[in-house]
Amino acid sequence: MKKLLLASLLLLTACTLPTFGGPTPAPTPAATVEPSPAVSVPLQPASELGTKGNPVILALAPATQPSDDLMTAGNALAGRLQALTGYEIVTAAPASEQELLQALSIGNAHIAVLSPYGYLLASRERGVSALLSRLRDGQALYGAQFIARPDEGFDSYYDSARNENTAEAAQALGQFRDRKPCWSDPASPSGYVVPLGFLRQAQIQVSEPAFVEGQGTVVRAVYAKGICDFGATYIDARYLPALEADYPNVVEKVAVIWQIPAIIPYETIVTASAVNPEIKRSLLRAFIDLMNTPDGRLLIQKVYGIDAFQPADDTLYDQFRIYVGESGLDLSTLIK
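So for the sequence shown, our numbering puts the first residue at 773; every next one is plus one.
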């Protein structure tokens, strides 16, 4: 019955599908019946993907209550992609990334943006492939750093003048054995998960951590003493304006002990396994063409918060995958 209901909605909706697991924002009669929030039966239309009977489904950014602005921008983005590729494209609005991963696995989404953790899980279990990686300051990857106070007996193995480490991780990080870390939050790639992976790969056990909620707070805690012995942040959280205003000598007092190279990706635009190479190539060209126009870039910003990207493949995640695995954390618990 659910399968028939979803198939009916695909045929009735000209531009969008109703949200996954949430209220339908548009008051159009064709979208007033909501699907089950946990669809377990994939759509199996007879039509070829990209036709009216089986449109390509563009998943919007997950939102429990998608705004009218998001839905409007999503519909406009789908329309522009449809015009550029010639394939029928509709939208869907998942309530969470967990729900989005489910939709990708059963054919209820074909194009989506995933977090780094979401990509690792989906590429391993659901066969998605990378299309485009988000850029920030022209880079697709970023690094992290371990910080501590030298006056607390810690030695720095990072040469800021040459921007390179002066020792291997095992030697530099060995001084943190049985010491207390301050981590940002339980899902932070740079403030917890990847640094933990480096420590565990080097077989360095630390004492019970403090999660202090925020990378600037990690720097503050290390600076203050007595809360933790060391911490980890992105590069270089010590220069946050609020920290420099409160602690003018923070860079002198809190040192970079060792730097994790740029191995952490930003978000990735992906395609589901059902998307054939021809459609994937067309979508890649269309996204790039849109990003090169002011109105197209604005639509992508509104829908996904992305203002620059570059073509990507799975190799972008090689090192990140290793250290997330070394952390020993359950990947599914890191996804909201």
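Glycine is no exception: its CB is placed at the ideal position from the N, C-alpha and C atoms.
When DSSP states are grouped into helix, strand and coil, Pro1037 belongs to the strand group. As the crow flies, the alpha-carbon of Ser1104 is around 29 Å from that of Trp1030. Residue environment for Asp1085: exposed (fewer than 16 other C-beta atoms within 10 angstroms of its C-beta). Between Leu907 and Pro834, the alpha-carbon positions lie close to 20 Å from each other.
Non-local C-beta neighbours of Gln1082 in its own chain, meaning closer than 7 Å and more than five positions away in sequence, comprise Leu904, Ser905, Leu907, Ala912, ordered along the chain. Looking at the DSSP output, Arg896 sits in no beta bridge, so it has no partner there.
Counting C-beta pairs closer than 8 Å gives fewer than three between the region 1044–1056 and the region 939–953, which falls short of the contact rule.
In the three-state scheme derived from DSSP, where H, G and I count as helix and E and B as strand, Ser979 is classed as coil.
If you draw a straight line from the Cα of Val1026 to the Cα of Ala959, it comes to about 24 Å. Taking one beta carbon from each stretch, the region 1063–1083 and the region 844–863 have 3 or more pairs nearer than 8 Å; the two touch. Where Leu1103 is concerned, there is no enclosing alpha helix (DSSP H), because DSSP gives it neither an H nor an E.
Taking 8 Å as the cut-off, the beta carbon of Leu886 is found no closer than this to the beta carbon of Glu980. By the CB criterion at 8 Å, Ala1009 and Gly988 fall inside the cutoff. About 4 Å separates the Cβ atoms of Gln1091 and Ile1035, confirming a contact at the 8 Å cut-off. Beta bridge pairing from DSSP links Phe948 with no other residue. Phe1081 is bridged by DSSP to Arg906. From the listed residues Gln917, Tyr1011, Ala1058, Thr1087, the smallest Cα separation to Tyr859 is found for Ala1058. Judged by pairs of C-beta atoms under 8 Å, the region 870–886 does not touch the region 955–973, as fewer than three such pairs exist.
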